[in-house]
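**Student:** Here it is, the structure, as structure tokens.
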Amino acid sequence: MPKGYWVSVYRTIADPGKLAAYNKLAGPAVQAAGGRTFVRGGRVVSYDAGIAERTILIEFDSFEQAVAARESEAYQKALAVLADGVERDFRIVEGID
387 MPKGYWVSVY RTIADPGKLA AYNKLAGPAV QAAGGRTFVR GGRVVSYDAG
437 IAERTILIEF DSFEQAVAAR ESEAYQKALA VLADGVERDF RIVEGID
């Protein structure tokens, strides 16, 4: 079964405090849902129309598990705290089996 991935690229971080509060809730929510964080921030080199800002990559055992984690009550609480603190491109993608 193909794995599922959260790919999140931050375009702007307007409120670092909201991002910090989100991180405190989102990390445990992702772990509880079976997510494994492979990339969180760090160095970025962007090409073409890419944005060299914060990038996150989280792996789940399946695409369905990744979607369920995003829709979970715990992660929804994290999103409520984040609100308009950032602008990001968030995707859930299916891996290759």
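Per this note's numbering, the very first residue in the sequence shown carries number 387; after that it's consecutive.
We put the beta carbon where it would ideally sit given N, CA and C, even for glycine.
Using a Cβ-Cβ cut-off of 6 Å (strictly less than) and excluding sequence neighbours within five positions of Arg440, which residues of its own chain qualify?
**Tutor:** So the list reads Tyr396 and Gly427, once near-sequence residues are dropped.
**Student:** For Leu468 and Lys404, which I take to be in contact (beta-carbon distance under 8 Å), what is that distance rounded to the nearest angstrom?
**Tutor:** The pair is a contact, with the Cβ atoms about 6 Å apart (cut-off 8 Å).
**Student:** Please report how far the alpha carbon of Tyr408 lies from the alpha carbon of Asp483, in whole angstroms.
**Tutor:** So the two alpha carbons sit approximately 32 Å from each other.
**Student:** Do the stretch 417–427 and the stretch 442–455 touch if we need at least three Cβ pairs shorter than 8 Å?
**Tutor:** With a cut-off of 8 Å, the stretch 442–455 and the stretch 417–427 count as touching, because enough Cβ pairs lie within range.
**Student:** From what residue to what residue does the beta strand (DSSP E) around Gly390 run?
**Tutor:** That run of the beta strand (DSSP E) goes Gly390 to Ile399.
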